[in-house]
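Be aware that the sequence shown starts at 31, since it is given in my numbering, and climbs by one per residue. We put the beta carbon where it would ideally sit given N, CA and C, even for glycine. These notes are about the structure you will find just below.
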Amino acid sequence: MKTEDNPAKRIEININEKTAQGIYANLQIVTHSPTEFVLDFCQLLPGLPKANVVSRLILSPQHAKALMKTLAANIGRYEQHFGEIKDIQDAHQPQIHFESENKKMPN
Numbered sequence: 031m032k033t034e035d036n037p038a039k040r041i042e043i044n045i046n047e048k049t050a051q052g053i054y055a056n057l058q059i060v061t062h063s064p065t066e067f068v069l070d071f072c073q074l075l076p077g078l079p080k081a082n083v084v085s086r087l088i089l090s091p092q093h094a095k096a097l098m099k100t101l102a103a104n105i106g107r108y109e110q111h112f113g114e115i116k117d118i119q120d121a122h123q124p125q126i127h128f129e130s131e132n133k134k135m136p137n
């Protein structure tokens with residue numbers, strides 16, 4: 031609520047050209063601990079048995095919940111305008127393992 035005692039705050043957000051191009055991701059993996067949520071965004075190419083993590087976001091639980099609310103609101107507006115988004119069929123999803131330089135970790 032905007033009042034004289036509490037004016038609305040504006041944040042100027044800058045984005046460089048490389049970041050503005052974006053990175054395509056068609057697989058996401060979310061893990062969490064008591065203090066953070068880790069969102070890994072991956073590219074899974076057809077016919078290949080490996081997916082590469084192309085971006086990782088680490089968020090506080092509060093920021094993760096704010097992201098969830100923002101996504102839900104935006105998806106709702108999208109579906110009102112363009113129609114329902116169909117769910118991805120999970121029946122043929124492979125088991126996913128993380129691979130680091132030294133070992134594999136099941137997810």
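So, helix, strand or coil for Ala96, using DSSP?
The answer is helix: DSSP assigns Ala96 an H, G or I state.
Span of the beta strand (DSSP E) holding Ala81?
Taken as a continuous stretch (DSSP letters only), the beta strand (DSSP E) holding Ala81 covers Ala81 to Leu89.
Within 10 angstroms of the Cβ of Asp70, are there 16 or more other Cβ atoms? Answer buried if so, exposed if not.
Classification of Asp70: buried, given that the 10 Å Cβ count is 16 or more.
Ile59: which of Arg40, Leu78, Ser85 and Asn44 sits nearest, CA to CA?
Among Arg40, Leu78, Ser85 and Asn44, the Cα nearest to that of Ile59 is on Ser85.
DSSP puts Gln58 in a beta bridge; with which residues?
DSSP, once it has assigned bridges, lists Phe71 as partnering Gln58.
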